[in-house]
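Take a look at the structure below.
Protein chains in written order, with the numbering used here: chain P, 332 to 573; chain V, 332 to 573; chain E, 332 to 573; chain S, 332 to 573.
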């Protein structure tokens, strides 16, 4: 893409309204926090939330979206199947998708992966260190060899996903666990990036490294403008067949 | 596995009953043809068909199945969702799955892939040559560098699948098309192999190379007996966390 | 990279001087042809040839190169080992490398692959059709689903390379062969792309699709500016160890 | 393979003769320790050491070897280039290769990888936990979800290797590092497995899980008997070309 991608940030936006601790960290919602950071880097940002009509994702909004960022946790089941289907079709048609933290269990991610996307977890706010294992990857631009989150929810292996097409981060957790925390996939014409940090009761989306990764991922996942593929019956061979 | 895998061959088994041409080639059904070939190599073979109770796949039968071979075409939509779910869970739990030809569009394959699995096709019976591009792969054992099918339905790129974990065959078609015709995937504890040949009006499953590939794939896809993984909350860190 | 990459095009540049047919197609050398095309798209282009001092690649020139394009055929053995070592180190440090056609047998490509890079070939100028099998890949931008070369040297499987990190093209040849003709690799901080077309006696580098692929590949292979990695002894643990 | 593979275990075998601590742990050499464990499981085992004629690997011995296990550390440079070349050719022809611990820097592994194979290290004997991230892989058979080594040398990212074809283990180190500690590659007809544990001053090769992994890896890496591939000129097309 020669122009900067148009990003829509979808947030379940329930914790912030129900839990004081979360509200203090993200008074306007974590999508607003991420949106401001991406906007400050020049991206064209829209917001969307579960409790809006059409779960915040009417078709016109999706059509105007190059990359969709998705955070959900307690209400995956409330996302309408027709909205999931709509997002799915847009991803296959080329829209990028950035899946954050507890959205590993979102309907859309599970549908795109074909697995349970289950994992281990422990929410005591232990230290996480994210190691870059693919330093040449565009999602690692501007980072150091690793970066740390003083307190994060542990997500641990085994993570039931297909082997990533490209593995960018492996996380070390103080409690003895590791996790494939930055995973790239291609599905149809679309690119998908799963990124592990982001527990709602911790200020993870205030962290400049985390925000840098999301920004990099948006650039990476933007549609690249490849060939229009066709499917179905092709009555004539391209060559006369002997 | 130290013992030979127990195979169940699932066939839609409709074309054979409705179409004389198909019936001449596979009078008892193509699953019987494949089953006899695998049985002759010492495998323990069961059969299953769409129109049997539970679509031929009650849970007890699946539990006794190490590898499921699947052929379907005209009636993908008639496979009950609960049966698809049951097969899906067995695959994630370790059962191998061999997906043949037009079963690229089966519910189970699409669910495991997370993509449309769409492709191009042309049914004029042109020549196909299957080239081995991963000669060290166990699915290529006992083959030559390539083998030919004098007449096969063309399946052509673009094939809308995730990039295979291992690509074993690329097919050349006389009419000018190519196809990734032997694709390996891992999903959960299970292994999945898609193999392109097998149009119902052609004697593809009489071909010794095709049967050899299916046999090899069954051995490759059999459960390997790895660790039992666990998911969910792990209340205590393995290490005391500072 | 926010600025366009600086490209150096290295050509063995012997055939053009010895063979009239080649000289007619590429009177100034095929590197000049490719260089003009890339320059016309705004890239900063330098040229280099085997018979120049230091085989055309003194260290200063390499240091000023973001992406190196390499064509060689009859004189792979005359490239000095120290020059190969120098290019190798630059690739691992992040310089992109585009390896064209018969350079599959170049010292630098074999060293980076760790395999023989051997293949089958037939130089009767048969038709080649290059199918895009990864339409979302940036190297496929601006192409159709496939493109054709009326006459090209056949390169056929088995191609003795590591499985590509990303496979972009599969070629169909009229004579019955297929070939993984567009292959992406990561080595150290560097990206490597092998692209099959380009027999010296044919006007392949006059073809706009071929030139578009090379241009796309240069953009893809340019250094992305990831973290500086470090190696060796790290005397202190980052955490006190119990 | 229907019969059990013939294994040769190559050891540099210098530390054991010069360092009392090492000699106490491996009085006969660590290759003997590993060899006894593999022999007890029924494998046909031969031993080889650097200071033997031909570095312990005359061609006849290699020809009778299905899988070669390699441990080296202080004397990589003393392995003769002609022996490295011989092993390399055998791997490409189908011999399996298991590369242990400090042999990440061996000539043969670097030649097969095409990268520096450099890494970080710290030898304070901290705790390592090896997590299985591919539980369906045959190399993980018979293990738990993870296993621990109370004391091991830390090897940390970034590990300068090509992205593994299959990643089986990720290690957690108490000091804050992670490592891709079990990595599968295919090179030519051969399979290569790198396995990180095995510092000479620690009793790592007494550990039953470590020995189980080596055993599993030998079975996985054994030649599978695929097609004989051919290279070079193929004068006639398989099909008449229009």
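Note that CB positions come from ideal geometry on N, CA and C, so glycine has one too.
In the same chain as residue 477(V), and ignoring 5 residues on each side of it, the C-beta atoms closer than 7 angstroms to its own belong to 460, 461, 462, 463, in chain order. If you look at residue 485(V), you'll find it in the beta strand (DSSP E) that goes 477-487. Per DSSP, reduced to three states, the secondary structure at residue 536(P) is helical.
In the DSSP annotation of this structure, residue 522(E) is not part of any alpha helix (DSSP H); the continuous beta strand (DSSP E) holding it starts and ends at 521-526. Per DSSP, residue 415(S) is one residue of the alpha helix (DSSP H) stretching across 412-423. Around residue 426(S), no beta-carbon contact reaches into chain V at under 9 angstroms, the shortest distance being about 11 angstroms. Sequence-ordered contacts of the segment 371-382 of chain E with chain P are nonexistent [C-beta pairs closer than 8 angstroms].
Taking 4 residues as the minimum length, the alpha helix (DSSP H) runs contained wholly in the segment 341-418 of chain S are 346-349, 351-356, 361-371, 390-394, in order along the chain. For residue 461(V), the enclosing beta strand (DSSP E) covers residues 451-463. Look at residue 335(V) here: in three-state DSSP terms it is coil, with no helix or strand label.
Here residue 376(V) is buried: its Cβ has 16 or more other Cβ atoms, across all protein chains shown, within 10 Å. Within the DSSP bridge table, the entry for residue 429(E) names 400(E), 524(E) as partners. For the pair residue 457(P) and residue 508(S), the Cα-to-Cα distance works out to about 15 angstroms.
Contact annotation, residue 423(S) with residue 519(S): C-beta distance approximately 3 angstroms; criterion of less than 8 angstroms satisfied. Between residue 335(S) and residue 381(S), the C-beta spacing is not below 7 angstroms. Counted as a single uninterrupted DSSP element, the alpha helix (DSSP H) harbouring residue 441(V) occupies residues 438-444. In the structure shown, residue 472(P) falls within a coil segment according to DSSP collapsed to helix, strand and coil.
In the DSSP assignment, residue 511(S) falls within the unbroken beta strand (DSSP E) covering 509-518. In this model, residue 568(V) and residue 466(S) are separated by some 22 angstroms (Cα to Cα).
In the DSSP secondary-structure assignment, residue 502(P) is bridged to 461(P), 510(P). The segment 389-402 of chain E makes no contact with the segment 486-493 of chain E; the number of CB pairs closer than 8 angstroms stays below 3. Secondary structure at residue 435(E): helix, using DSSP grouped into helix, strand and coil. Here residue 530(S) has 432, 454, 483, 484 as same chain residues with Cβ atoms under 7 angstroms from its own Cβ, once five neighbours each way along the sequence are excluded. With a cutoff of 7 angstroms on beta-carbon distance, residue 524(V) and residue 439(V) are scored as not near each other. Residue burial is scored here from C-beta neighbours: residue 563(S) has fewer than 16 other C-beta atoms within 10 angstroms and is therefore classed as exposed. Taken in chain order, the members of the segment 442-472 of chain S whose beta-carbon sits within less than 8 angstroms of a beta-carbon on chain P are 460, 462, 463, 464, 465, 466. By the Cβ test, the segment 343-358 of chain V is in contact with the segment 532-549 of chain V, since at least three Cβ pairs between them sit closer than 8 angstroms.
Straight through space, the alpha carbons of residue 445(V) and residue 419(P) are spaced by roughly 9 angstroms. Inclusion of residue 393(S) and residue 421(S) in the CB contact set at 7 angstroms is warranted, their separation being smaller than that value.
Listed along the chain, the chain S residues whose CB falls inside 9 angstroms of the CB of residue 476(V) are 558, 559, 560, 561. Taking a C-beta distance under 7 angstroms as the contact criterion, residue 504(E) and residue 513(E) do not qualify as a contact pair.
Between residue 434(V) and residue 345(V), the C-beta spacing is not below 7 angstroms. For residue 513(P), the nearest beta carbon of chain V is not closer than 7 angstroms to its own beta carbon. Contact check for residue 541(P) against residue 528(P) passes: the beta carbons are separated by less than 7 angstroms.
If you compare the alpha carbons of 487(E), 410(E), 416(E), 496(E) with that of residue 502(V), the shortest gap goes to 487(E).
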